[in-house]
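See structure below.
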Amino acid sequence: MTAYVSALDLFSIGIGPSSSHTVGPMRAARVFAEDLVATGRSSEVGRIRCSLFGSLGSTGLGHGTPDAVLAGLTGLRPETCDPSEVHGAWSGLNDGASLTLLGGHSIPFQTDDVHFEPRTRLPGHPNALTLTAWAKETDAPPLLEETFYSIGGGFIRRGTERSSAQARVAQPLPYDSSAELLALCEAHELTICEVARRNEEAIHGAAALDAGLDAIWDAMHTCVDAGLSHTGLLPGGLKVKRRAAAVRMRLEEYDGLPLRDRDTSTEWLHAFALAVNEENAAGGRVVTAPTNGAAGIIPAVGHYYLRFVPGADAAGIRRYLLTAVAIGSLVKANASISGAEGGCQAEVGAACAMASGALCAVLGGTPRQVENAAEIAMEHHLGLTCDPVGGLVQVPCIERNAIASSTAVSAARMALHGDGTHLVSLDTVIETMRQTGLDMMTKYKETSEGGLAVNVIEC
Ligand code: SF4
Numbered sequence: 001m002t003a004y005v006s007a008l009d010l011f012s013i014g015i016g017p018s019s020s021h022t023v024g025p026m027r028a029a030r031v032f033a034e035d036l037v038a039t040g041r042s043s044e045v046g047r048i049r050c051s052l053f054g055s056l057g058s059t060g061l062g063h064g065t066p067d068a069v070l071a072g073l074t075g076l077r078p079e080t081c082d083p084s085e086v087h088g089a090w091s092g093l094n095d096g097a098s099l100t101l102l103g104g105h106s107i108p109f110q111t112d113d114v115h116f117e118p119r120t121r122l123p124g125h126p127n128a129l130t131l132t133a134w135a136k137e138t139d140a141p142p143l144l145e146e147t148f149y150s151i152g153g154g155f156i157r158r159g160t161e162r163s164s165a166q167a168r169v170a171q172p173l174p175y176d177s178s179a180e181l182l183a184l185c186e187a188h189e190l191t192i193c194e195v196a197r198r199n200e201e202a203i204h205g206a207a208a209l210d211a212g213l214d215a216i217w218d219a220m221h222t223c224v225d226a227g228l229s230h231t232g233l234l235p236g237g238l239k240v241k242r243r244a245a246a247v248r249m250r251l252e253e254y255d256g257l258p259l260r261d262r263d264t265s266t267e268w269l270h271a272f273a274l275a276v277n278e279e280n281a282a283g284g285r286v287v288t289a290p291t292n293g294a295a296g297i298i299p300a301v302g303h304y305y306l307r308f309v310p311g312a313d314a315a316g317i318r319r320y321l322l323t324a325v326a327i328g329s330l331v332k333a334n335a336s337i338s339g340a341e342g343g344c345q346a347e348v349g350a351a352c353a354m355a356s357g358a359l360c361a362v363l364g365g366t367p368r369q370v371e372n373a374a375e376i377a378m379e380h381h382l383g384l385t386c387d388p389v390g391g392l393v394q395v396p397c398i399e400r401n402a403i404a405s406s407t408a409v410s411a412a413r414m415a416l417h418g419d420g421t422h423l424v425s426l427d428t429v430i431e432t433m434r435q436t437g438l439d440m441m442t443k444y445k446e447t448s449e450g451g452l453a454v455n456v457i458e459c
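Numbering (UniProt numbering), first residue to last: 1 to 459.
In structure tokens, the structure reads:
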């Protein structure tokens, strides 16, 4: 089994605000609905209950988990759904409401058919949900009951199976650590991007890979554009004001002045990240990169590259995405990209490492410099907790993506000044992140029971 996860899985087009709490549960509910159809008894279903455990029970309400479950049961997919059809579906249920399941059978459905059980943590993962379907009475044996784990980045796992993305065909250049990845680069005289491309082409073929990468970048670009133009307050009750559009307008005015006396590249970088994370918080179309909470960093640094690096082009963006995935695969396989499992170091730390290494690569860095950039970026996120105020992916998440984008650029530039040799390896920092995540108290892992979440008064 190789650590490599395809770019077309690690970057998935979905909706906000959370990959683990929105995208994953929607996928799980859709799989459950498909399984019901496969039993041949879906038309007998009279009642369905969904239990949300652990972190899904703690912050699922603010992350739109019940809406996502309803959407999945009706057959919607995160990749293709209209976000406006998803959001508010559960809270809008009234007495006598019904739900039309995938396959066309309708059942009565009430808000209390979704149970929140934050104190129950299933052993498989902090984000768990169980879906149960009965013919009529809930004291009779169910027609179908399945438990799913939403393991971060929109990936789901059922029972003890491995995630679908890991059950891949053999890859020509497998690796399980950054040391092995660097050894492959040196043995075959390849860049990290080229190793990733060989593995990807074995899965998808060259044409489908490039089409997939271009579609991912198009979705990232569309998200940045949308976020740079939308104004107003974000939903959820915190009254957080969108800022990206106002920053863009000021920067455009400033960039248009004849005697520009300051470098606005960092401010643009921040605006790109704010734009994505504001779109995510509003439940818009977002690419998990590698999660939704951390979705702003990779698009922001990619836009920074295109706008401010001479010679940047679309081919460079493909290299950028592939290098990012080679790094993200290592984090996912050897630690975690789930905030509920490892805190924010696993989400924003992982995205920052991916963006930094990838930027270093397209700026001409050697594989060892790329590994150094990713290591610097992750090292300085170690211990970062997840404590979203109000259980919403807004504070500190939105600004945190902007700041981490700066860190990614700084780490890439710092690594480019070295020769790639350094004391702490990327493998060591990933393992340290894993251990730190295990030691981190549960209240700092996407439960909103500690940190800022309990010290900021919600208005
Ligand atoms: S604090 Fe970090 S891990 Fe937690 S929801 Fe926000 S971005 Fe995700």
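Glycine included, C-beta positions come from ideal geometry on N, C-alpha and C.
Where the beta strand (DSSP E) containing residue i begins and where it ends
i	result
R157	F155 to R158
C50	R47 to F53
H115	V114 to E117
L392	Element bounds for L392: n/a, residue is neither H nor E.
T100	S98 to T100
I15	I13 to I15
I107	S106 to P108
beta-carbon residue i near the ligand SF4 non-hydrogen atom, thresh 6 Å
i	result
V348	yes
V393	yes
P126	no
P388	yes
C223	no
C397	yes
G339	yes
G14	no
G293	yes
A352	Note on residue identity: the sequence assigns Cys, not Ala, to residue 352. For the ligand SF4, not one heavy atom lies less than 6 Å from the Cβ of C352.
Q344	Inspection of the sequence shows that residue 344 is occupied by Cys rather than by Gln. True, at least one ligand heavy atom lies under 6 Å from that Cβ.
For residue i, the three-state DSSP class (helix, strand or coil)
i	result
V287	strand
W134	strand
L209	helix
N127	strand
P142	coil
Q166	Residue placement at Q166 is flagged as unreliable, the pLDDT there being 44, under the threshold of 50; the coordinate-derived value follows with that caveat. In this structure, Q166 counts as helix in the three-state DSSP scheme.
C386	strand
L70	helix
Y149	strand
S425	coil
L234	coil
S265	helix
M441	coil
Y254	helix
I403	helix
L182	helix
P174	coil
Other residues of its chain near residue i: CB distance less than 8 Å, five sequence neighbours each side excluded
i	result
V45	L36, L101, H105, I107, A133, W134, A135 and L143
L184	L173, Y175, L190 and V195
T231	R242, A245 and A246
A165	Only weak support exists for where A165 lies, its pLDDT of 46 falling under 50; the value from the coordinates is given anyway. Only V5, S6, D9, L10 and F155 meet the Cβ criterion.
S163	Residue placement at S163 is flagged as unreliable, the pLDDT there being 48, under the threshold of 50; the coordinate-derived value follows with that caveat. Excluding residues within five positions, the ones whose Cβ falls inside 8 Å are I151, F155, I156 and R157.
E186	P367
Close Cβ partners of residue i (< 6 Å) along its chain, the five nearest in sequence each way excluded
i	result
G212	L8
T120	F53
A219	I13 and V287
V114	C50 and P66
residue 461	The displayed coordinates of the chain run from 1 to 459. Any statement about residue 461 would go beyond what the structure contains.
G456	The residue asked about is misnamed: residue 456 is Val in this sequence, not Gly. Closer than 6 Å at the Cβ level, and outside the excluded window around V456, lie V389.
Same chain only: Cβ atoms within 7 Å of residue i, ignoring 5 sequence neighbours per side
i	result
L182	P367, R368 and E371
A167	In this prediction, A167 has a pLDDT of 43, which is less than 50 and means its spatial position is unreliable; what the coordinates show is noted afterwards. Closer than 7 Å at Cβ, skipping near neighbours: no residue.
Y89	According to the sequence shown, residue 89 is Ala rather than Tyr. D67, L70 and A71.
Segment limits, alpha helix (DSSP H) that includes residue i
i	result
I327	A314 to N334
P299	I297 to F308
N372	P367 to E379
V240	Here V240 belongs to no alpha helix (DSSP H), and DSSP marks it neither H nor E.
T39	G24 to T39
Q345	C344 to V362
L452	L452 to N455
Does the stretch 400-416 come into contact with the stretch 288-296, if we say contact requires no fewer than three beta-carbon pairs (one atom in each stretch) closer than 8 Å? The stretch 400-416 is in contact with the stretch 288-296.
Under 8 Å, with one C-beta from each stretch per pair, do the stretch 234-251 and the stretch 193-211 reach the 3-pair mark? At 8 Å Cβ cutoff, the stretches do not touch.
Given 8 Å as the limit, is there contact between the stretch 10-29 and the stretch 328-341, that is, 3 or more CB pairs closer than that? Under the Cβ criterion (8 Å, minimum of three pairs), the stretch 10-29 counts as touching the stretch 328-341.
Would you say the stretch 304-315 touches the stretch 342-352, given that touching needs at least three Cβ pairs under 8 Å? No contact exists between the stretch 304-315 and the stretch 342-352.
Touching or not, the stretch 388-397 and the stretch 271-288, by the rule of three or more beta carbon pairs under 8 Å? Short answer: they touch.
Please confirm if the stretch 375-382 is in contact with the stretch 348-367, defined as three or more CB-CB distances below 8 Å between the two stretches. In short, these stretches touch, since the Cβ pair count reaches three.
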